[in-house]
Amino acid sequence: MENKDLIRNFSIIAHIDHGKSTLADRILEITKTVSEREMLDQFLDDMELERERGITIKAHAVRVLYESRASGQQYIFNLIDTPGHVDFSYEVSRSLAACEGAILVVDATQGIQAQTLANVYLALDNNLEIIPVINKIDLKSARIEEVSIELSKILGVPGDYISRVSAKTGEGIEKILERIVSGVPPPGGDQKAPLQALIFDSQYDSYRGVVALVRVVNGFIEKSAKIRFMAEKTVSEVEEVGIFGPEMIKKDRLSAGEVGYIITGIKEVGSIAVGDTVTIANDPARSALPGYKKPRPMVYTGLFPSEGGDYENLRDALGKLALNDSSLDFSPEVSTALGFGYRCGFLGLLHMEIIKERLEREYGLKLINTAPNVAYRVSRNDGTVLEVKRPADFPEHDHILEIEEPYVEATIITPKDYIGEVMKLASTKRGEFIDMQYISMERVELKYNIPLSEIIVDFFNLLKSITSGYASLDYELSGYKISDLVKLDILVAGNRVDELSVIVHREKAYSTGRELAVRLRKVVPRQNFEIAIQAAIGKRIIAKERVAPYRKDVIAHLYGGDVTRKKKLLEKQKKGKKRMKKIGMVEIPDEAFLSFYQIDSGK
Numbered sequence: 000m001e002n003k004d005l006i007r008n009f010s011i012i013a014h015i016d017h018g019k020s021t022l023a024d025r026i027l028e029i030t031k032t033v034s035e036r037e038m039l040d041q042f043l044d045d046m047e048l049e050r051e052r053g054i055t056i057k058a059h060a061v062r063v064l065y066e067s068r069a070s071g072q073q074y075i076f077n078l079i080d081t082p083g084h085v086d087f088s089y090e091v092s093r094s095l096a097a098c099e100g101a102i103l104v105v106d107a108t109q110g111i112q113a114q115t116l117a118n119v120y121l122a123l124d125n126n127l128e129i130i131p132v133i134n135k136i137d138l139k140s141a142r143i144e145e146v147s148i149e150l151s152k153i154l155g156v157p158g159d160y161i162s163r164v165s166a167k168t169g170e171g172i173e174k175i176l177e178r179i180v181s182g183v184p185p186p187g188g189d190q191k192a193p194l195q196a197l198i199f200d201s202q203y204d205s206y207r208g209v210v211a212l213v214r215v216v217n218g219f220i221e222k223s224a225k226i227r228f229m230a231e232k233t234v235s236e237v238e239e240v241g242i243f244g245p246e247m248i249k250k251d252r253l254s255a256g257e258v259g260y261i262i263t264g265i266k267e268v269g270s271i272a273v274g275d276t277v278t279i280a281n282d283p284a285r286s287a288l289p290g291y292k293k294p295r296p297m298v299y300t301g302l303f304p305s306e307g308g309d310y311e312n313l314r315d316a317l318g319k320l321a322l323n324d325s326s327l328d329f330s331p332e333v334s335t336a337l338g339f340g341y342r343c344g345f346l347g348l349l350h351m352e353i354i355k356e357r358l359e360r361e362y363g364l365k366l367i368n369t370a371p372n373v374a375y376r377v378s379r380n381d382g383t384v385l386e387v388k389r390p391a392d393f394p395e396h397d398h399i400l401e402i403e404e405p406y407v408e409a410t411i412i413t414p415k416d417y418i419g420e421v422m423k424l425a426s427t428k429r430g431e432f433i434d435m436q437y438i439s440m441e442r443v444e445l446k447y448n449i450p451l452s453e454i455i456v457d458f459f460n461l462l463k464s465i466t467s468g469y470a471s472l473d474y475e476l477s478g479y480k481i482s483d484l485v486k487l488d489i490l491v492a493g494n495r496v497d498e499l500s501v502i503v504h505r506e507k508a509y510s511t512g513r514e515l516a517v518r519l520r521k522v523v524p525r526q527n528f529e530i531a532i533q534a535a536i537g538k539r540i541i542a543k544e545r546v547a548p549y550r551k552d553v554i555a556h557l558y559g560g561d562v563t564r565k566k567k568l569l570e571k572q573k574k575g576k577k578r579m580k581k582i583g584m585v586e587i588p589d590e591a592f593l594s595f596y597q598i599d600s601g602k
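Sequential numbering from 0 applies to the sequence shown in numbering that gives the first Met the number 0.
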């Protein structure tokens with residue numbers, strides 16, 4: 000049993016690319032948790048995709064031992080490195096629930112960004128002790144004093160309370176470790192109380208089944224104990240308990256205040272849920288821990304296997320990914336064009352891309368995904384209200400009373416020189432101005448109410464483009480509002496393709512329809528007959544393009560002579576093409592389903 004007073008549980012939180020993973024590397028190095036020979040950059044980011052993109056996608060837990068110079072005592076640090084991108088903020092909130100403290104990292108060159116503020120609020124909501132750190136002080140462009148003033152203002156702490164470090168060179172890291180010892184409180188909890196352990200993450204092992212990452216709040220858990228998962232009501236026996244150091248190390252038991260893993264041999268991925276409370280089956284706790292509110296997906300898309308036989312494999316793979324990503328939502332879907340697949344819900348476009356890439360890499364699947372969209376509330380004339388997650392499910396226009404779409408409160412932090420451009424972009428995306436505040440002399444925080452559908456496609460890329468990469472964005476769902484929306488259908492050779500339908504604001508319907516038709520004309524392959532590509536609202540065609548047919552030169556062998564001979568041959572060819580068009584099927588290539596991604600991007 001560990002002495003609770005010598006345990007410190009903390010997370011590292013920051014905006015994307017401010018140096019969280021590098022700081023974690025230095026802590027592992029200085030505490031000699033990982034030898035120099037084994038050390039890699041982004042050591043805890045063990046997913047190939049994380050290393051390639053240079054971002055943290057999953058939270059990673061590790062136990063390190065640190066001998067304090069001040070007291071001479073050896074402390075146990077349970078460190079959780081968290082993602083920084085807005086799409087993965089749910090991962091951050093789960094990790095913070097397992098901690099008593101948080102190291103808030105801010106880049107000395109970029110200063111406070113939108114996700115920095117979001118993480119501060121998350122840490123405060125969890126009543127954590129915040130240790131503010133300014134990183135990258137070794138860079139020539141570092142604005143240490145200016146960023147220190149910004150941070151002091153937001154946290155309400157004096158400037159000398161903020162640590163200044165370089166995670167790359169290791170300067171100042173030792174001081175942070177001493178600050179963790181003195182500033183982060185030891186965990187609470189009663190060793191003798193009935194077991195309450197919070198599952199803050201889980202992963203799937205092909206040989207051993209589900210591995211649950213837990214923070215023991217009260218009591219203790221040991222090998223061979225019979226446990227109950229309180230929400231799922233599953234009962235199982237503990238096969239192994241242990242800690243991450245950073246590899247899995249077996250232990251006899253985990254006591255109140257400790258962070259580690261448990262293996263129960265459960266193979267069914269739906270039997271254990273993140274946020275559930277573990278207790279002893281024959282001496283259960285009276286109540287479950289607060290856990291987490293399951294996040295609502297913001298973006299929906301259809302995922303279909305290119306090979307029809309991969310449907311079962313896709314279902315199993317989605318189940319395994321959903322095990323340690325409870326924000327992933329999926330349900331079966333059937334498409335006339337693409338066959339059997341799943342309608343999947345994600346927290347954002349990056350989340351969607353990462354899941355699709357993981358499915359293709361880790362499970363060997365080849366997938367097609369339809370254009371991303373959001374969930375709308377549709378009130379019908381008969382008084383019923385539908386939540387519509389795909390355009391194909393929209394009722395006929397005559398039956399709709401009103402349509403509500405989700406809005407987000409967007410926080411944009413930008414240098415003051417770009418205020419005009421940012422405001423112009425927000426207004427073209429139907430944004431409603433809320434507030435503007437100066438964080439410092441040079442940087443401004445803008446708040447807007449913007450429809451989520453306008454954010455998910457290309458807003459972030461356009462924002463980065465108009466501000467030369469200096470602006471940052473964070474957003475959270477603020478509610479639903481009535482909007483003048485229409486369903487834009489795409490017809491190819493007279494047939495409606497549901498997977499290409501989109502919901503747009505009436506004002507943008509014509510330009511979007513025109514652009515989609517032009518894009519599709521470029522990707523739909525030519526046939527021996529003419530193909531019409533049309534954009535329509537209800538029965539009204541608002542844009543049309545044509546894919547010209549191949550034309551065989553049937554009069555090539557004629558040299559001179561009566562012109563009527565040529566006309567007869569051309570007329571015969573025309574009749575043949577007309578007959579072919581009636582029975583001709585148009586194959587729509589994969590890239591056609593992604594045509595909506597770049598709408599507006601060049602404007």
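Where a beta carbon is used, it is the ideal one built from N, C-alpha and C, also for glycine.
Taking 4 residues as the minimum length, the alpha helix (DSSP H) runs contained wholly in the region 293 to 373 are 310 to 322, 348 to 362, in order along the chain.
According to the DSSP secondary-structure assignment, GLY537 is paired through a beta bridge with no residue. Rounded to the nearest angstrom, the Cβ distance from LEU95 to LEU127 is 6 Å, consistent with a contact under 8 Å. If only complete runs of 4 or more residues are kept, the region 470 to 532 shows the alpha helix (DSSP H) at 505 to 522, in order along the chain. The beta carbon of LYS428 sits closer than 7 Å to those of ILE449, GLU453, PHE458, all from its chain and outside the five residues before and after it, given in chain order.
One alpha carbon belongs to ASN217, the other to GLY344, and they sit about 35 Å apart. Note on GLY478: under 16 other CB atoms within 10 angstroms of its CB, so exposed under the neighbour-count rule. SER140 places its beta carbon 9 Å or farther from that of THR115. According to the DSSP assignment, ASN460 belongs to the alpha helix (DSSP H) that extends over 451 to 465. With respect to the 9 Å criterion, SER378 and VAL387 are not classified as neighbours on the basis of their beta carbons.
The beta carbons of GLU177 and ALA272 sit no closer together than 9 Å. Per DSSP, ASN134 is one residue of the beta strand (DSSP E) stretching across 128 to 134. For ASN380, no alpha helix (DSSP H) run applies, since DSSP gives it neither H nor E. In this chain, TYR206 is not harboured by any beta strand (DSSP E), its DSSP state being neither H nor E. In this structure, ALA101 sits near ASN118, with a CB-CB distance shorter than 9 Å.
Of the residues VAL443, ASN2, PRO390, GLY430, the one whose Cα lies closest to the Cα of GLY187 is ASN2.
Taking each of THR369, LEU476, VAL501, VAL298 in turn and checking the Cα distance to VAL333, the smallest one comes out for THR369. Annotated as proximal: LEU212 and VAL258, with beta-carbon spacing under 9 Å. ASP434 has LYS446 as its beta-bridge partners, per DSSP. Between MET229 and the set ASP275, ASP309, ARG62, GLU221, the nearest pair of CA atoms involves ASP275.
ARG525 is a Cβ neighbour of PRO548, given a cutoff of 9 Å. As the crow flies, the alpha-carbon of PHE329 is around 8 Å from that of LEU317.
In the three-state reduction of the DSSP assignment, LEU138 falls in the coil class. Taking the Cα of ASP416 as reference, the smallest distance to any Cα among THR168, GLU408, SER439 is reached at SER439. In the structure shown, the three-state DSSP call for ARG252 is strand.
Of LYS250, VAL237, LEU302, the smallest CA-CA separation from ALA336 is found for LEU302. In the structure shown, the three-state DSSP call for LEU103 is strand. With respect to LEU22, VAL104 sits close: the two C-beta atoms are nearer than 9 Å.
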